[in-house]
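So for the sequence shown, our numbering puts the first residue at 5; every next one is plus one. Here the structure is laid out as structure tokens; the discussion comes afterwards.
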Amino acid sequence: MNKPKLWTKDFISVSLSNFFLFLTFYILLVTLPSYALDELHSSASQAGLMTTVFLLSAIISRPLAGQWMERAGNKKVLLTALIIFAAASLFYFFPKSITGFLVVRLLHGIGFGMATTAVGTIVADLIPASRRGEGMGYFVMSTNMAMVMGPFVGLLAIQQWGAKVLFILSVIVAVGSLITGLSVKLTKTEQPNQIEVLSSFSFRSLFEASAVPIAVVGGFLAIVYSALLSFVSIYANEIHLASVSSLFFVVYAIVLLLSRPFTGKWLDQFGPNVISYPCLVLFAIGMFILSQSGGAVTFLLSAGLIGLGWGTLFPTFQTIAIQNAEPRKRGLATATFLSIYDTGIALGSFLVGVIAAKMEYSSLYFYCSFYVLIGVVLFYFLHTKKKNTSAKLETQQSSKVQEI
């Protein structure tokens, strides 16, 4: 029996659009704070707002985008979001003050939040149901590759050619996301009753309840991931491994790339529990080894284990969030998952920064390894046990119907 096709033109196009979205994000993420300090003469706290404002506007816009997708359709929201995102990239040339830049970051974050919600929903619709775990894994690889390339490209551009070239580059990449997004063709799906959607609008309607439990697990673990994004290069300098610090996320991505053909298929064949529990343990072990690193081998070994662990968990959790929702609620489920996840990243960046000021990074990562193990318990209660209880209730109800 032939498997339904995964690598269609539309799947490739939406994955490329997602890659260019996140490449723009990471190019600017690592460069704008230093630009604010050096060129705009802002304070460190104001420079930090460059990321905070962007993430907050993305978090707020995602549920609204999910609600809008139910009304207007996925393609319309995607194109609107990509146009906002590309247009906002053009505005970086103009502000001469930190306030002006924060306004641009606010607008850019809105486009980013809407666009990432739309592409995540569209790709879930494009992937055959029997290959959803595999397909979501490959799709998320586009984010991981952007995470590796973005900081390298952004720092190279601003250090070698200056801010103007950096902003030109970000515009080109953002337009690339728009062009690849335009090439995605969607079949028309049945839309919910317009009156029903409008009349049911409320704060609760901005979130998909079925996606919240697994999103909470993802957001909980994202706090640890934020500690890696923010401080792993500083930690490498502290333990005299500055020469290999740039390879951390390269190894992370390579391990992900090599493991993806297997982990995605296992998710589809055996379900999320078989994948999630081992990956949670691998994530914890990777953090522990990182905390004890004294040389390049253990430092990069931890990157591989974390890549296999957390790098597999993220698409697995996103797949669970989508599968638990009704087909017409996938946009809202994607928005709910990503909003809670990004809240974890934003909260973690702040909390970990406060904690890191009071202890060594090796101690921080040591405690993070045990924190991840708490995630095992959280996953059990919020997903495994909940799923088993639901399955038992369905079986009992089915038995009663048969008796009647």
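Beta carbons: idealized from backbone N, C-alpha and C, even for Gly. This structure is a prediction, so every number in the text was calculated from the model and none was measured.
Same chain, Cβ closer than 8 Å to residue i, neighbours up to 5 away in sequence not counted
{"i": "Val356", "result": "Ile227, Ser230, Ala231, Ser234, Phe235, Leu368"}
{"i": "Thr388", "result": "Asn277"}
{"i": "Phe205", "result": "A caution first: Phe205 carries a pLDDT of 48, below 50, which makes its placement in the model too unreliable to give a value."}
{"i": "Ser146", "result": "Ser19, Leu20, Asn22, Phe23, Phe26"}
Enclosing alpha helix (DSSP H) for residue i [first to last residue]
{"i": "Tyr96", "result": "Premise fails: Tyr96 is in no alpha helix (DSSP H) and is neither H nor E."}
{"i": "His112", "result": "102 to 130"}
{"i": "Arg264", "result": "252 to 274"}
{"i": "Arg135", "result": "Where Arg135 is concerned, there is no enclosing alpha helix (DSSP H), given that its DSSP letter is neither H nor E."}
{"i": "Ser384", "result": "This sequence places Tyr at residue 384; Ser is not what is there. Here Tyr384 belongs to no alpha helix (DSSP H), and DSSP marks it neither H nor E."}
{"i": "Gly311", "result": "300 to 327"}
{"i": "Thr347", "result": "334 to 360"}
{"i": "Ser237", "result": "216 to 242"}
{"i": "Ser174", "result": "167 to 186"}
{"i": "Thr12", "result": "Thr12 -> no alpha helix (DSSP H), and no H or E assigned at all."}
{"i": "Ala40", "result": "36 to 42"}
{"i": "Ser249", "result": "246 to 249"}
Outcome for residue i when other beta-carbon atoms lying within 10 angstroms are tallied against a minimum of 16
{"i": "Glu200", "result": "Caution applies to Glu200, whose pLDDT of 45 falls short of 50 and renders its modelled position unreliable; the value that the coordinates give is listed next. By the 10 Å Cβ count, Glu200 comes out exposed."}
{"i": "Ser203", "result": "No answer about Ser203 holds up, because its pLDDT of 44 lies below 50 and its placement is not dependable."}
{"i": "Lys333", "result": "buried"}
{"i": "Asn22", "result": "buried"}
{"i": "Ala361", "result": "exposed"}
{"i": "Ser46", "result": "buried"}
{"i": "Ala133", "result": "exposed"}
{"i": "Ile238", "result": "exposed"}
{"i": "Asn6", "result": "exposed"}
{"i": "Asn197", "result": "Model confidence at Asn197 stands at a pLDDT of 44, short of 50, so the residue's coordinates are unreliable; what they give is reported in the following sentence. With fewer than 16 other Cβ atoms within 10 Å, it is exposed."}
{"i": "Ala246", "result": "exposed"}
{"i": "Ser187", "result": "exposed"}
{"i": "Asp42", "result": "exposed"}
{"i": "Phe97", "result": "exposed"}
{"i": "Phe143", "result": "buried"}
{"i": "Met118", "result": "buried"}
{"i": "Asn392", "result": "exposed"}
Member of the options whose CA lies at the smallest distance from the CA of residue i
{"i": "Ser249", "options": "His112, Pro37, Phe156", "result": "Phe156"}
{"i": "Ser181", "options": "Glu74, Val285, Ala150", "result": "Ala150"}
{"i": "Ile310", "options": "Asn328, Gln322, Gly290", "result": "Gly290"}
{"i": "Gly308", "options": "Phe252, Val358, His387, Val220", "result": "Phe252"}
{"i": "Lys390", "options": "Ile324, Cys372, Thr347", "result": "Ile324"}
{"i": "Leu351", "options": "Ala178, Phe97, Leu225, Tyr39", "result": "Leu225"}
{"i": "Leu44", "options": "Pro67, Phe24, Ile102, Leu60", "result": "Ile102"}
{"i": "Ala300", "options": "Ala240, Asp346, Val285, Cys283", "result": "Ala240"}
{"i": "Ile88", "options": "Phe116, Gly166, Gln71, Val220", "result": "Phe116"}
{"i": "Cys283", "options": "Thr302, Ser263, Ser295, Leu294", "result": "Ser263"}
{"i": "Phe274", "options": "Arg136, Gly113, Ala119", "result": "Arg136"}
{"i": "Thr184", "options": "Gly52, Leu312, Val18, Leu210", "result": "Val18"}
{"i": "Ser353", "options": "Thr35, Gly52, Asp42, Ser306", "result": "Gly52"}
{"i": "Ile114", "options": "Ser174, Phe29, Met145, Gly166", "result": "Phe29"}
{"i": "Gly166", "options": "Tyr375, Ser366, Thr55, Leu36", "result": "Leu36"}
Nonlocal neighbours in the same chain, by C-beta distance under 7 Å from residue i, ignoring five residues either side
{"i": "Ile243", "result": "Ser297, Gly298"}
{"i": "Ala91", "result": "none"}
{"i": "Ala122", "result": "Ala69, Met73, Asn78, Val81, Leu82, Ala85"}
{"i": "Glu194", "result": "Annotation note: pLDDT 42 at Glu194 (below 50); position unreliable, coordinate value reported separately. Same-chain partners within the cutoff: there are none."}
{"i": "Asp346", "result": "Leu59, Ala62, Ile63"}
{"i": "Leu27", "result": "Ala150, Met153, Gly154, Val177"}
{"i": "Ala339", "result": "Arg66, Pro67, Ala69, Gly70, Thr121"}
Within-8 Å CB hit, residue i to chain C
{"i": "Phe24", "result": "Included in the structure is just one protein chain, with no chain C present."}
Own chain residues within Cβ distance below 6 Å of residue i, not counting five before or after
{"i": "Val57", "result": "Leu106, Arg109, Leu110"}
{"i": "Gly348", "result": "Gly223, Ala226, Ile227"}
{"i": "Ala128", "result": "Ile326, Arg334"}
{"i": "Ala337", "result": "Glu212, Ala215, Ala325, Ile326, Ala329"}
{"i": "Phe292", "result": "Ser373"}
{"i": "Ile344", "result": "Ala219, Gly223"}
{"i": "Phe321", "result": "Ile218, Gly222"}
Heavy atom of the ligand FMN within 7 Å of residue i beta-carbon
{"i": "Pro265", "result": "As for the ligand FMN, it is missing from this structure, which has no ligand bound."}
TODO: Count the CB pairs spanning the segment 312 to 320 and the segment 251 to 270 that are closer than 8 Å, and state whether there are at least three.
DONE: The segment 312 to 320 makes contact with the segment 251 to 270, as at least three CB pairs between them are under 8 Å.
Task: the segment 164 to 172 contacting the segment 6 to 23, beta-carbon criterion three pairs below 8 Å - done: Cβ pair count under 8 Å is below three, so no.
Task: Cβ pair count under 8 Å reaching 3, the segment 380 to 387 against the segment 251 to 265 - done: No: the two stretches stay apart, fewer than three of their Cβ pairs being nearer than 8 Å.
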